[in-house]
Amino acid sequence: MRDYQHTISMPLSFSGIGLHTGANVSARILPADPDTGMIFRCTDTGTEISATVENVAETAYATVLSAGGAKISTVEHFLAALYGMEIDNAVIEVDGPELPILDGSALQISQAIASAGPARQDVRRRFLRVWENDRIRRNGSMVVVSPCVEMEILVTVDFPASAIGRQWAKLTLNPERFLKEIAPARTFVLREQIDALRAAGLAKGGTLDNAIVVEGAKVHNTEGLRFPNEFARHKLLDFLGDIALLGRPVRGSFVAVRPGHTVNHAVAEYLASPVRSAFHDPPVSTGKVPVDIQASA
Ligand SMILES: [Zn+2]
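Just so you know, the sequence shown maps onto residues 15 to 311 in the numbering used here.
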């Protein structure tokens, strides 16, 4: 994992439709100063929403952030791409209510970050370190957390649809592996859920170009799957996007059993709790003697 904070070296532009709203939206990722973290800037209302655990408003079908009366939906794939590519600071401008879904994965965003290149900043990253074993459960999902010098994630999923069935995916986080193994994995939906989603006013922008549609043993997309375990890989991508809301790189191991946004958010809240934040790694010495020591010498 990188020791120093990074932003992106140039602005990156994306456009497309929002998965749930169906709105046509444009988004830009802009470089930002050290210690900015991730900020969503809604250009139509002029409001800014920090990508933090406290600003999470909904986790039912997508992660929705809200602050100051503004709301932005489906942030998880953009945040996963930035987190997976180890970008610490960026402003994400968006001119609509939701981020564009693109092809349903984080590939285009991650490739754009990789080709633009990360820009190293002169401030150390402040890691959040997992210090004890624990488990977090929410509605049939469970995440086991334990100490680790890297960030390691193992995700298992278990669906009655035999096209998915039981499968798993694993990642030790670094930008090259994230780009190759996780970023291309697309979001997915069960055919039988589509009517209910549409009736709830969701998935208005969903098509076979931006989601895998599964019905029993069948994958409806003519191009098939990008990986045999694309579903587990996408759940790992979503997990990273939700953990990114901590605003810090994490040293810890996670075993996520049937994860979803709700349990992922609970894990982020658990790690962000004041008791555990006391264990954040302190910034590493810059080589300069701190002022209070100089004064007493
Ligand atoms: Zn997703």
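Just so you know, even glycine gets a beta-carbon here, dropped at the ideal spot from N, CA and C.
Leaving aside the five residues before and after residue i along the sequence, list all residues of the same chain whose C-beta is less than 6 Å from its C-beta, in chain order.
i: GLY30; result: PRO114, LEU116
i: ASP306; result: Bear in mind that the predicted position of ASP306 carries a pLDDT of just 38, short of 50, making it unreliable; the figure below should be weighed with that in mind. The answer is none, since no qualifying residue turns up.
i: SER160; result: ASN147, SER267
i: ALA183; result: VAL169, ASN243, ALA246, ARG247, LEU250
i: ASP252; result: GLU90
i: SER119; result: PRO198, ALA199, ARG200
Just to confirm, is the Cβ distance from residue i to residue j under 8 Å?
i: ARG272; j: SER124; result: no
i: SER267; j: GLU166; result: yes
i: ALA199; j: LEU93; result: no
i: GLY255; j: HIS20; result: no
i: ARG16; j: ARG191; result: no
i: ARG205; j: GLU229; result: yes
i: GLY250; j: VAL163; result: The question names Gly, but residue 250 in the sequence shown is Leu. No, the Cβ-Cβ distance between LEU250 and VAL163 is not below 8 Å.
i: VAL269; j: VAL157; result: yes
i: ILE22; j: ILE127; result: yes
i: ARG262; j: VAL144; result: no
i: LEU79; j: ALA65; result: yes
List the DSSP bridge partners of residue i.
i: GLU107; result: ARG42, ARG55
i: GLY30; result: VAL39
i: THR186; result: GLU166
i: ALA76; result: ALA76 is not bridged to any residue.
i: VAL158; result: ARG149, VAL269
i: ARG138; result: TYR18
i: ARG143; result: ARG265
i: THR61; result: CYS56
Output needed for residue i: all residues of its chain with C-beta closer than 7 Å, excluding positions within five of it in sequence on either side, in chain order.
i: ALA280; result: ILE150, ARG152
i: ALA286; result: VAL67, LEU260
i: MET24; result: ALA130
i: ILE196; result: GLY98, LEU185, ARG247, LEU250, LEU251
Note down, in chain order, each residue of its chain lying with its Cβ closer than 8 Å to the Cβ of residue i, except the 5 sequence neighbours on either side.
i: ALA326; result: The structure shown does not extend to residue 326, since the chain is modelled only from 15 through 311, so no value can be given for it.
For the structure I just gave you, are there three or more beta carbon pairs, one from the region 267 to 279 and one from the region 67 to 82, closer than 8 Å? Yes, the region 267 to 279 is in contact with the region 67 to 82.
Could you tell me which uninterrupted alpha helix (DSSP H) segments, each at least 4 residues in length, are contained entirely in the region 79 to 136, listed from first to last along the chain? Listed in chain order, they are 90 to 98, 121 to 130.
Complete runs of the alpha helix (DSSP H) confined to the region 215 to 280 [at least 4 residues]: Here the runs fully enclosed are 244 to 257.
Would you call the region 230 to 244 and the region 126 to 143 touching, i.e. three or more CB-CB distances under 8 Å? As far as the Cβ criterion goes, the region 230 to 244 does not touch the region 126 to 143, which means the pair count is below three.
Can you find at least 3 beta carbon pairs, one from the region 98 to 113 and one from the region 40 to 55, that sit closer than 8 Å? Short answer: they touch.
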